[in-house]
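K.L.:
Each residue of the sequence shown is one higher than the last, beginning at 124 in the working numbering.
Ideal placement from N, C-alpha and C gives every residue a C-beta, glycine not left out.
First, the structure itself, so that you have it in front of you.
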Amino acid sequence: MSWHYTKKTLGIYWFRLLARLNSILLPTYADNADCARCRDCGRTVHDWHTDDATFVAVTGNLGGVWCWDCFAATARAKGISLECTVTRG
Ligand SMILES: [Zn+2]
């Protein structure tokens, strides 16, 4: 078992712990097993999409799920300007 694997496994357990605490302590973001959760704030992530290049430019890699607010705040902090369009799914 490599250190990389151990680190990833611990990250998953850490995220699950934070998600559990979040669902108990922050009832505003009620637990919903059908939705992915933002890796930064823990709230459920609703549909939004960006291309891979923009995602990597803002987050540094293609891993994780980000809500729009955390993604936009990170982009702003890095001086990356985002343009939004509303589409019908
Ligand atoms: Zn978030």
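In three-state DSSP terms, what is Arg166?
P.N.:
Three-state result, Arg166: coil.
K.L.:
Can you tell me whether DSSP reads Arg139 as helix, strand or coil?
P.N.:
Residue state, collapsed to three classes: helix.
K.L.:
For the candidate residues Ala180, Leu140, Ser125 and His127, whose alpha-carbon lies nearest to that of Gly202?
P.N.:
Of the candidates Ala180, Leu140, Ser125 and His127, the one whose C-alpha sits nearest the C-alpha of Gly202 is Ala180.
K.L.:
Could you name the residues that DSSP lists as bridge partners for Arg160?
P.N.:
For Arg160, which the question treats as bridged, DSSP gives the partners Thr167.
K.L.:
With distances taken from each beta carbon to the nearest heavy atom of ligand 1, which residues come in below 5 Å, in chain order?
P.N.:
So the residues near ligand 1 by this Cβ test are Cys161, Asp163, Cys164, Cys190 and Cys193.
K.L.:
Please state if the CB of Thr197 and the CB of Thr182 are separated by a distance shorter than 8 Å.
P.N.:
The answer is yes: Cβ separation under 8 Å.
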